[in-house]
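Counting from 1, one number per residue, gives the positions in the sequence shown under my numbering. Glycine included, each C-beta is placed from N, C-alpha and C at the ideal position.
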Amino acid sequence: MIKPIMMRKIYSINWVLGICLLLFSVNSCTDALDDTPAELVDINRVLSREVIVSSFRSNSYNHLNNAFVNYTSNQLLDAYTDDAFRAGTTVTYDWHNGLLTPANNMFASTMWNQYYQGIRKCNLALEYLPQSRVSELMISQQRIAEWIDEVTLLRAWYHFELIRNFGPLPFFDVAYGPEFEGWADLVRPTYEQITTRIVEEIDLVISRGNLPLRWQSTSEFGNANMAVAYALKSRVLLYNASLLNNPAQDMQKWQQAATASQAAIDAVSGDYWLLPMEEYGRLFNEGQTVLNREVILRSTNNNEGVMNNANGVDLRGLGSATQSANAGAVPSQELVDAFELLDGSLPVVSYNNPNHTSVTFGAAYNEDPGSNPYAGRDARLYHAIVFNGANYGRYKGMPAGEPDLTIYTYEGKPFTGFHDNFTSDEEADRRRSSTGYYGRKYRSAGYWGATTGGTNANKIYFRVAELYLNLAEAHCELGNLPEAMTALNVVRNRAGQPNIQDVPGFVASQEFLMRRIRNERRVEFCFEEHRFYDQRRWNMLAETNQTVTGMRITSSDGTDNGVFSYERVHVNVGRTAFSEKYLRLPIPQEEARRLPGLGQPAGY
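Here's what the structure looks like:
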């Protein structure tokens, strides 16, 4: 709730000590001040404590969305899109059945509260960091300047997260409190106005030049750097130019997005680059303190349990002593269809009925009995999806002489086979996939074995591939097709896919190229929390979110050695979350009452 989050500026020593105790949990704060009565403590004395001053900066990071499910009602965000399906009658079931309201706001309250708490802490930090009285020997003025710029970036980032979820909202640069009487007078700016303010903050950081492109100490790898500033600006301006926020399609906004994305590429290219495809898997299973040349910033929170135990493959039937509790958000057939064949053609030319069970295949693709629809595909498929017959590596403690695990998902396969009880919450069902697929990105068989853990699943916030695809999209919208293709091909070629102009059926048109750029984003960033927002900024929920399918595979003899047959199956669960109201999250009901001037987004 805003009221307790945004407290008014108060300069009393009592309040500063309250910050120490309540916000930062600095247990030694009062001890360090010799238990002096609060009314006798000078503010300079408080701000001379290194532990207090450094906490202003460190606690500004506390409200980044650093886990895969914390802000989304304990479900992967992909489960709210057409990329994945979560079986059972959990929050995603209610979401897709159209039950989102200001009173029943699913995860809107969590996001609202967390991001505003982050803004509040940033505002406190930006007020008190410049007043530091800590000795230069302990915290230099250069360090204070760096911290101020980190916090400035974080405050811009928190505001962006709010507006991409709730639509345009006012920018707060003061910590208001209960005494503030202007809540009812607050009104929504335009999306462009708030974007302009966010970009001004980012530009200020860039112009001051205090932050390095990359921190050199592993202890700093989780902190904002100058590359984050460039990447965030690219993303913010891309969203500002997108159809949802730019319905008049002002081309100047697309030019700003293109300029920012090119500037980001130019700025970071000496320290960051795309990994070769043979190292692609490192992106998703390395620890946060490992230098990765493609990752600009990743979360410090290792979410290995969430990704493997609550959204993974059950390996107990393959010899592991431990097991996954839930298949979780499993990939849809539509996502699998987005991965090209090696010649650059798409497997599916068109879906011919509303349920996507009747399709027209590309010339080089088939799902005939005995075929293998997963062979000869874009290499990223094998890093993102566990499909029937997929190699899944090894769990901890596997005997050295045994081959790598092969996962089968055909109907009737114990533990990992397909089930179509789409609303079942039974343990036997929730451990198995209801689409015939399991997610692989951020997951590893190495999590399992005699003991779980020891792998890594740290969310990536920004990486270099996004900059190229942002640039490709902006140039395509501007009609600069050669420039768009050049940027797009950088990402495609890394994956071993041909230049877009060399794919079968290529048409040198804005429509064709935009369709393939959007498909490229879907493939490159699946399970990285882009699809949810891309669908909205492109204003295409009605086109993409009305149905998902899975693949029922049967074996001719019921074993791994049989002839496999394939049948596309409609996931027959209500999916009405594609109306206008689902383009934005609702302001939580109690907050809307306190802030009547903001109003709810359209549709509520």
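Next item on the list: Alpha carbon to alpha carbon, how far is Q510 from Q249? Give it in angstroms, no decimals.
Entry: Spanning the two alpha carbons is a distance of roughly 15 angstroms.
Checklist line | DSSP state of N44 mapped onto helix, strand, coil | finding: When secondary structure is reduced to three states using DSSP, N44 falls in the helix class.
Check: Since E278 sits in a beta bridge, which residues does DSSP pair it with?
Finding: DSSP, once it has assigned bridges, lists no residue as partnering E278.
Notebook entry, point to check: Does DSSP put A364 in a helix, in a strand, or in coil?
Noted result: A364 falls in the coil class under three-state DSSP.
Margin query: Using DSSP's beta-bridge definition, name the partner residues of V569.
Written below: Partner(s): G550.
Next item on the list: Under the assumption that A241 contacts A474 (Cβ atoms under 8 angstroms), give the Cβ distance between them as a whole number of angstroms.
Entry: The pair is a contact, with the Cβ atoms about 7 angstroms apart (cut-off 8 angstroms).
Note to self: Only counting the same chain, and skipping five residues up and downstream in sequence, which positions put a Cβ closer than 8 angstroms to that of A602?
What the structure shows: If we look at A602 and ignore the five residues flanking it on each side, its Cβ neighbours are E580, K581, L583, R584.
Checklist line | DSSP state of I163 mapped onto helix, strand, coil | finding: The three-state reading of DSSP puts I163 in helix, counting H, G and I together.
Checklist line | Beta-carbon proximity of A108 to P586, cut-off 7 angstroms | finding: Contact: yes.
Item checked: 7 angstroms Cβ cutoff met for L47 and R120 -> Judged by beta-carbon spacing, R120 lies beyond the 7 angstroms limit of L47, meaning their Cβ atoms are not closer than that value.
Next item on the list: Tell me whether R432 sits in a helix, a strand or coil according to DSSP, three-state version.
Entry: Here DSSP, grouped into helix, strand and coil, assigns R432 to coil.
Next item on the list: Determine the burial state of Q252: buried for a count of at least 16 other Cβ atoms within 10 Å of its Cβ, exposed for fewer.
Entry: The residue is exposed, with fewer than 16 neighbouring Cβ atoms inside 10 Å.
Next item on the list: Express the C-alpha separation of V359 and L342 in angstroms, rounding to a whole number.
Entry: Near 20 angstroms, if we compare the C-alpha coordinates of V359 and L342.
Next item on the list: Determine the contact status of R568 and T435, defining contact as a CB-CB distance below 7 angstroms.
Entry: Contact flag unset, no.
Item checked: Classification of T559 by the beta-carbon crowding that lies within 10 angstroms, buried from 16 upward -> Exposed is the label assigned to T559, since fewer than 16 other Cβ atoms lie within 10 Å of its Cβ.
Note to self: Quick check for students: name the residue ranges of the beta strand (DSSP E) that lie wholly in the stretch 359-415, counting only runs of 3 or more.
What the structure shows: Taking only runs of at least 3 residues, the beta strand (DSSP E) segments lying wholly in the stretch 359-415 are 359-361.
Note to self: Classify C29: buried if its beta carbon has 16 or more other beta carbons within 10 angstroms, exposed otherwise.
What the structure shows: Bear in mind that a pLDDT of 46 at C29, under 50, signals an unreliable position, so the model cannot answer this.
Margin query: So within the stretch 437-488, which uninterrupted beta strand (DSSP E) runs reach at least 3 residues, ignoring any that extend past its ends?
Written below: Every unbroken stretch of the beta strand (DSSP E) spanning 3 or more residues and falling wholly within the stretch 437-488 is given here in chain order: 458-463.
Note to self: For a test of the three-state rule: what should DSSP assign to S58, helix, strand or coil?
What the structure shows: Assigned with DSSP and collapsed to three states, S58 falls in helix.
Checklist line | Closest Cα partner of D83 within the set G177, E524, R49 | finding: When the alpha-carbon of D83 is set against those of G177, E524, R49, the nearest one is in E524.
Item checked: Host alpha helix (DSSP H) of L126 (start-end) -> Residue range 108-128 is occupied by the alpha helix (DSSP H) that includes L126.
Next item on the list: Could you tell me which of Q131, D266, Q142, Y116 sits nearest to F171, measuring between CA atoms?
Entry: Nearest option by C-alpha distance: Y116.
Margin query: Is the separation between the beta-carbon of W273 and that of E477 shorter than 7 angstroms?
Written below: No. Outside cutoff.
Next item on the list: May I have the straight-line CA-CA distance separating G446 from F532, to the nearest angstrom?
Entry: Spanning the alpha carbons of G446 and F532 requires a straight line of approximately 29 angstroms.
Item checked: Residue of F512, R521, E427 minimising C-alpha distance to R463 -> Across the set F512, R521, E427, the C-alpha of R521 shows the shortest separation from the C-alpha of R463.
Item checked: Simplified DSSP assignment, three categories, for A329 -> Of the three classes helix, strand and coil, the one that applies to A329 here is strand, per DSSP.
Check: On the three-state DSSP scale, how would you describe Y80?
Finding: Helix, per DSSP.
Notebook entry, point to check: Taking just the CA atoms, how far does A67 sit from S299?
Noted result: S299 and A67: Cα-Cα distance of roughly 7 angstroms.
Notebook entry, point to check: Can you name the residues that DSSP bridges to V348?
Noted result: Its beta-bridge partners are F361.
Note to self: DSSP three-state label for R86, please.
What the structure shows: Under the three-state reduction of DSSP, R86 is assigned to strand.
Check: Just reading off the alpha helix (DSSP H) that V199 is part of, what are its end residues?
Finding: DSSP places V199 in the uninterrupted alpha helix (DSSP H) bounded by 191-208.
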